[in-house]
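**Q**
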Amino acid sequence: MQHEDLMIFDPTAVKGNWQKVFGNDFPIHLEIGMGKGKFLLEQAMRNPNVNFIGIEKYESVIVVSLDKMAPYKPTNLKVIAMDATNIMEVFSEGEVAKIYLNFSDPWPKKGHTKRRLTSPKFLEIYRTILTNEGEIELKTDNKRFFEYSVLSLFENNWRFCDFSVDLHDGRTDIVTTEYEEKFKAKGMPIYYLKVQKKG
Ligand code: SAM
């Protein structure tokens, strides 16, 4: 499989038609800020009845991910080089079943609050592109970003389904990300939550 087979070069052209891209009507799961793609590739290999899409803003990082993915020839995995800010141009209402936010940049400065991927503006976008019972799963090492995200999701009317302040304590079946492996090796706790869209 070539890198080109994994990339979607003009994602706005397939808005509303992602099922045609994959040639089936399996649910679509999206990772925003996929980095080098370990999590997404493992999820795709484990779940052939789910279509996975990774968004990443840096092309240099994407190249590394494609090197990793291509030998496995995943047919249920596509990658887009883009900034999540423009996500509404790429997905129609209700087109995505799940969004993963794994170790998102915390943007700790107050002046950068709007850039956080769990700021109200982004949550509104997620609400639009998610299916009726669509979910967001979030993992982070950053306690302050986690606290901010919990509050933001709560204030914006999302239903909390699962929650942990030490995800790896007692659980062994977790598909990890590159960052998660680093923090795990240092014995740092991983914060986790799962929320569902409310009507
Ligand atoms: N998810 C991976 C992991 O857990 O190993 C990577 C985490 S890394 C800290 C955050 C990644 O998100 C970076 O690769 C960064 O370029 C990407 N990113 C941050 N903000 C983004 C945005 N607005 N749109 C797309 N990608 C973004």
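In the working numbering, each number is its position in the sequence shown, counted from 1, plus 493.
Using N, Cα and C, we set each Cβ at its ideal position, and we do this for glycine too.
Would you kindly report the start and end of the unbroken beta strand (DSSP E) that includes Ser657?
**A** Taken as a continuous stretch (DSSP letters only), the beta strand (DSSP E) holding Ser657 covers 651-657.
**Q** Straight-line CA distance for Arg637 to Phe676?
**A** The straight-line gap from Cα to Cα measures roughly 16 Å.
**Q** With H, G and I counted as helix, E and B as strand and the rest as coil, what does DSSP make of Phe515?
**A** Note: Phe515 maps to helix in three-state DSSP.
**Q** What residue range is occupied by the uninterrupted beta strand (DSSP E) comprising Thr633?
**A** Element bounds for Thr633: 623-633.
**Q** Nearest by alpha-carbon distance to Asp576: which of Lys591, Ile683, Arg609 is it?
**A** Closest option to Asp576, Cα to Cα, is Arg609.
**Q** What did DSSP end up calling Val556 once you bin it into helix, strand or coil?
**A** Looking at Val556 - three-state DSSP - the assignment turns out to be helix.
**Q** Tell me, please, whether the segment 588-608 touches the segment 655-667 by the rule of three or more beta-carbon pairs shorter than 8 Å.
**A** Short answer: they don't touch.
**Q** Can the beta-carbon of Leu660 be found less than 9 Å from the beta-carbon of Tyr641?
**A** The answer is no: Cβ separation not under 9 Å.
**Q** Please confirm whether any heavy atom of ligand 1 lies closer than 8 Å to the CB of Asp576.
**A** It does: the Cβ of Asp576 is within 8 Å (strictly closer) of some heavy atom of ligand 1.
**Q** Please tell me whether, using a cut-off of 8 Å, the distance from the CB of Lys513 to the nearest non-hydrogen atom of ligand 1 is below it.
**A** No - ligand 1 has no heavy atom lying nearer than 8 Å to the Cβ of Lys513.
**Q** Am I right that Glu626 and Gln689 are in contact with their C-beta atoms under 8 Å? What's the rounded C-beta distance?
**A** With a Cβ gap of about 6 Å, Glu626 and Gln689 count as contacting.
**Q** Rounded to the nearest angstrom, what separates Asp498 and Phe532 at their Cα positions?
**A** Cα-Cα distance, rounded: 19 Å.
**Q** Hey, could you find the ends of the beta strand (DSSP E) Val643 is sitting in?
**A** Val643 -> not in any beta strand (DSSP E); alpha helix (DSSP H) instead, spanning 636-648.
**Q** For chain B, find out if any of its Cβ atoms is closer than 9 Å to the Cβ of Met494; answer yes or no.
**A** Chain labels in this structure do not include chain B; a single protein chain is all it has.
**Q** Assuming contact is defined by CB atoms lying nearer than 9 Å, are Trp511 and Ile525 in contact in what I supplied?
**A** Contact: no.
**Q** How far does the beta strand (DSSP E) with Gln689 in it extend, from its first residue to its last?
**A** Taken as a continuous stretch (DSSP letters only), the beta strand (DSSP E) holding Gln689 covers 684-690.
**Q** Report whether the distance from the Cβ of Ser645 to the nearest heavy atom of ligand 1 is below 8 Å.
**A** For ligand 1, not one heavy atom lies less than 8 Å from the Cβ of Ser645.
**Q** Could you tell me which of Phe647, Asn649, Asn579, Val589 sits nearest to Phe519, measuring between CA atoms?
**A** Nearest of Phe647, Asn649, Asn579, Val589 to Phe519, Cα basis: Val589.
**Q** Answer yes or no: the CB of Ile618 versus the heavy atoms of ligand 1, is any distance below 8 Å?
**A** Not under cutoff, so the answer is no.
**Q** Since Glu673 and Lys632 should fall inside the 8 Å C-beta cutoff, what is the C-beta to C-beta distance between them, to a whole number of angstroms?
**A** So it is a contact: roughly 6 Å between Cβ atoms.
**Q** Taking the Cβ atom as the reference point for each residue, do Asn540 and Asn569 lie within a distance shorter than 9 Å?
**A** Yes, these two residues count as a Cβ contact at 9 Å.
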